[in-house]
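Number of protein chains: 2
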Amino acid sequence: MAVYKKVSFEQTEAFCRKAFQGYGFSEEQSVQITDVLLAADLYGIESHGIQRLIRYHKEITSGLVDLKAVPEIVKETPLSATVDGHNAMGQTLSIWAMELAIQKAKQSGVGMVTIRNGNHYGIAGYYTRMAAEKGLIGICMTNSEAILVPTFGRQAMLGTNPIAFSMPAKPIPFTFDAATTVVPRGKLEVYAKRDGTIPDGWALDENGHPSVDADRVLKNIIAKSGGGILPLGGAGEGTSGHKGYGFAMLCEICTAIFSSGLTSNLACRAPDGAKTCQFFMAVDYGMFGDKDELETHLSEFLQQLRDSNKADGQDRIFTHGEKEYESEKRVRAEGIPLNEKTYSEMQMIAEFTGAEDLLPTPHE
Amino acid sequence: MAVYKKVSFEQTEAFCRKAFQGYGFSEEQSVQITDVLLAADLYGIESHGIQRLIRYHKEITSGLVDLKAVPEIVKETPLSATVDGHNAMGQTLSIWAMELAIQKAKQSGVGMVTIRNGNHYGIAGYYTRMAAEKGLIGICMTNSEAILVPTFGRQAMLGTNPIAFSMPAKPIPFTFDAATTVVPRGKLEVYAKRDGTIPDGWALDENGHPSVDADRVLKNIIAKSGGGILPLGGAGEGTSGHKGYGFAMLCEICTAIFSSGLTSNLACRAPDGAKTCQFFMAVDYGMFGDKDELETHLSEFLQQLRDSNKADGQDRIFTHGEKEYESEKRVRAEGIPLNEKTYSEMQMIAEFTGAEDLLPTPHE
């Protein structure tokens, strides 16, 4: 079992900003990438946070990310833009795209931006929160390397294909952000770094049988030799795994089909880019009614959910976004939990990028 | 165990049309209501088909449905309409609303119609297919009587809250239509009419413990005494039940919050209407690229999914909408399967509405 220590959030932020500049990103880009990456740690989504720095390191140094790429709008209407991302860094591309969707929503009521030849962009909820901060609904999706095995299959054909949705509410915005697989790939990476065993009901081996071996499943995925993660709802149709598969399809359509990009089964195979596809949407819900009244209505319903009767042995019902909000306060005060494997990767990256002087010191 | 027989589709269609006219609906309305109701039987979705006629009978005769209601647009933009349904019959209201969304999408690219004070409308996929037939993306959602217990709760707070999505493809449109619960309420009704036992992982009793007793769960729901159906993903967070709960919230926001209507926990309590809320959306995806190319791209990906490797012991991978398409051909040829309880309800309704002469005769 890997040992966990903690590093200060501020120190890690300063370190990441310098490290990304070390790869050749501008200061503004480095701030953006760091902001998205560490938002995951703040929200307690370890799978998408600093433990994934090594993956970005590999993508940047192997040429999968084009540091100088400028996104190109290939088709545009007042409500929409279809964008070729030209293998730009996912986080900078996606912040730009959500800002474009927000601008269109403010002008026309709805803004939709679909991207082909994009890259891994971190947590989807980061971008939907951008819209919520501007008083809009935010929706965001991405396809990704094939990892989801469709119902009755044994070959990964869809990505984890997360769908995120935010709407302003008091005291915090409602933010739902979920892979359409039972769990995201990053969660397997976390378990692989711990003791290698995953709970039953998450994944299939290369023959389409259930597996609890995180390493085996991840290796199969990388080697494209079969198996993968189950769709939300699990194996077969008994508990409706075909529904998770359907939500993953909805994501695939809004990303790869709308943008004329690569579907998940074809993405992440080229030497010059992951070429994943994204979708960003903003909606000014003032078109439906008085915005303050709608927000109050949502806030009241969220409170009714929190106040509703608990199951035997449970003392709290969460609404989506609450855990992340509370985690943020905790992580800013106490630091980011880090296992030793991740820390050794940070040491290597510090050396590579010339950011050794800002490498955070772990504490208990 | 209830005995199943079959009735001719054409005879059942003629019977339903006459029965609905017997309640006082116009000929056009009766055709519409019948069309939506029996689409469920054609698609093999027994839970939402003729077995539910008794439920509509009760709603119509008890005054929950206002036969003379005319929907009122209370707010409108080129992209949207907010509608007070005034307790009109769900199917006629919803066909009208999806036609309005389609008209807006043809003119402006996107059309969204949100309804308050609506009613049960049958299968969501009926309406999304209407958009697909016009060469558009269709999206449709409805909230409903509270039946979904949020993660860690024991009180039903959200409806089955289905989300449906269609996009044109060859040879048949992609149509995903799924309750965000593990199963819809109608499936419990079907099991209750059989031997009363449901599979594990579907429902909770009044204390928030797992239950396989369909009658007990349904009675608790009707009496609002606790328990209900689990969200997609199951109990707790181990296999991500909080995600199904989140998708149900997305539905609740687009329906009850956008329309300023009743959330599921407050709907279905008034004597004069179910007062559920609906959301209809159409998108002209030509804004993103050449429509024929996008449709071809989707059709090819669907074929790749069908052709992908099967799990040990499986010989087919379905794409969403295929089962319904094949079922339709079978049911038109062989008839609608019917259990004896449903048939006796039809006999009572035939007498009540003066449609005895068109009551279909069951065959083996």
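These protein sequence lines are chains A and B, in that order. For the first sequence, counting from 1, position 124 maps to 124 in this note's numbering; every step adds exactly one. For the second sequence, counting from 1, position 144 maps to 1144 in this note's numbering; every step adds exactly one. Quick reminder that beta carbons are idealized off the backbone N, C-alpha and C, glycines included. Keep in mind the model is a prediction, meaning the values are calculated, not measured.
Item	Value
Report yes or no: do the stretch 1317-1328 of chain B and the stretch 1041-1056 of chain B share at least 3 C-beta pairs separated by less than 8 Å?	yes
Can you check which of these residues, B:Val1183, B:Ala1101, B:Ala1105, is closest to glutamine 1278 (chain B) by C-alpha distance?	B:Ala1101
For a contact meaning CB atoms closer than 7 Å, what does tyrosine 285 (chain A) contact in chain B?	Phe1258
Taking glutamine 1103 (chain B) as the query, report the chain A residues whose CB atoms sit under 7 Å from its CB, ordered along the chain.	In chain order: nothing, as chain A lies at least about 16 Å away.
Pick out whichever of B:His1209, B:Asp1215, B:Phe1174, B:Trp1202 has its Cα sitting closest to the Cα of arginine 1194 (chain B).	B:Asp1215
Taking contact to mean 3 or more Cβ pairs, one atom from each stretch, closer than 8 Å, check whether the stretch 1049-1065 of chain B and the stretch 1073-1085 of chain B are in contact.	no
Does DSSP classify isoleucine 147 (chain A) as helix, strand or coil?	coil
Is the CB-CB distance between threonine 181 (chain A) and proline 231 (chain A) below 9 Å?	yes
So if I threshold CB-CB distances at 9 Å, which residues from the stretch 39-59 of chain A count as touching chain B?	none
Here's the rule I'm using: 16 or more other beta-carbon atoms within 10 Å means buried, otherwise exposed. How should isoleucine 1095 (chain B) be labelled?	buried
Determine the contact status of alanine 1333 (chain B) and arginine 1116 (chain B), defining contact as a CB-CB distance below 9 Å.	no
For valine 1031 (chain B), which residues from the same chain have a beta carbon less than 7 Å from its beta carbon, with the 5 sequence-adjacent residues on both sides left out?	Arg1017
If contact is defined by three or more beta carbon pairs under 8 Å, each pair taking one atom from either stretch, is the stretch 186-206 of chain A in contact with the stretch 216-223 of chain A?	yes
Check alanine 164 (chain A) in the structure and name its three-state DSSP category.	strand
Compare the Cα-Cα distances from glutamine 29 (chain A) to each of A:Leu64, A:Thr239, A:Ala69 and report the closest residue.	A:Ala69
Given a limit of 9 Å on CB to CB distance, which residues of the stretch 165-181 of chain A reach chain B?	Phe165, Met167, Phe174, Phe176, Asp177, Ala178, Ala179, Thr180, Thr181
Could you check whether the Cβ of methionine 1001 (chain B) sits closer than 9 Å to any Cβ belonging to chain A?	Low local confidence applies: a pLDDT of 47 at methionine 1001 (chain B) is under 50, so the model's placement there is unreliable, with the coordinate-based value given in what follows. Not an interface residue.
In terms of residue numbering, what span does the alpha helix (DSSP H) encompassing glutamine 1032 (chain B) cover?	1027-1042
Comparing C-alpha positions only, which one of B:Glu1364, B:Glu1351, B:Leu1338, B:Phe1352 sits nearest to threonine 1012 (chain B)?	B:Leu1338
Determine, for proline 1199 (chain B), whether the minimum Cβ-Cβ distance to residues of chain A falls below 9 Å.	yes
Following the continuous alpha helix (DSSP H) through glutamate 10 (chain A), name the residue where it begins and the one where it ends.	9-23
From the DSSP output, which residues share a beta bridge with alanine 1270 (chain B)?	B:Gly1273
Is serine 365 (chain A) buried or exposed, if buried means 16 or more other CB atoms sit within 10 Å of its CB?	Residue 365 (chain A) lies beyond the stretch modelled for chain A, which goes from 1 to 364, so this question has no answer here.
Give me the Cα-Cα distance between methionine 1 (chain A) and threonine 342 (chain A), rounded to the nearest whole angstrom.	At methionine 1 (chain A), the pLDDT of 47 sits below 50, so the modelled position is not reliable; the number obtained from the coordinates is stated separately. One C-alpha to the other measures close to 13 Å.
Less than 9 Å between the beta carbons of phenylalanine 288 (chain A) and arginine 306 (chain A), yes or no?	no
Since methionine 98 (chain A) and methionine 130 (chain A) should fall inside the 8 Å C-beta cutoff, what is the C-beta to C-beta distance between them, to a whole number of angstroms?	5 Å
Put tyrosine 1191 (chain B) into one of helix, strand or coil per three-state DSSP.	helix
What is the residue span of the beta strand (DSSP E) that methionine 141 (chain A) lies within?	137-142
Which ranges does the beta strand (DSSP E) cover as unbroken runs of at least 3 residues, wholly within the stretch 312-342 of chain A, from first to last along the chain?	336-339
When the Cβ atoms of the stretch 118-129 of chain A are set against those of the stretch 1265-1285 of chain B, are three or more pairs found closer than 8 Å?	no
Closest Cβ-Cβ distance between isoleucine 1123 (chain B) and chain A: below 9 Å?	no
Histidine 1086 (chain B) touches chain A at which residues, Cβ-Cβ below 9 Å?	In chain order: nothing, as chain A lies at least about 17 Å away.
For chain A, check one thing: does any of its Cβ atoms lie closer than 9 Å to the Cβ of alanine 1311 (chain B)?	yes
Listing by chain order, which chain B residues have their CB less than 7 Å from the CB of glycine 246 (chain A)?	Phe1176, Ala1178, His1320
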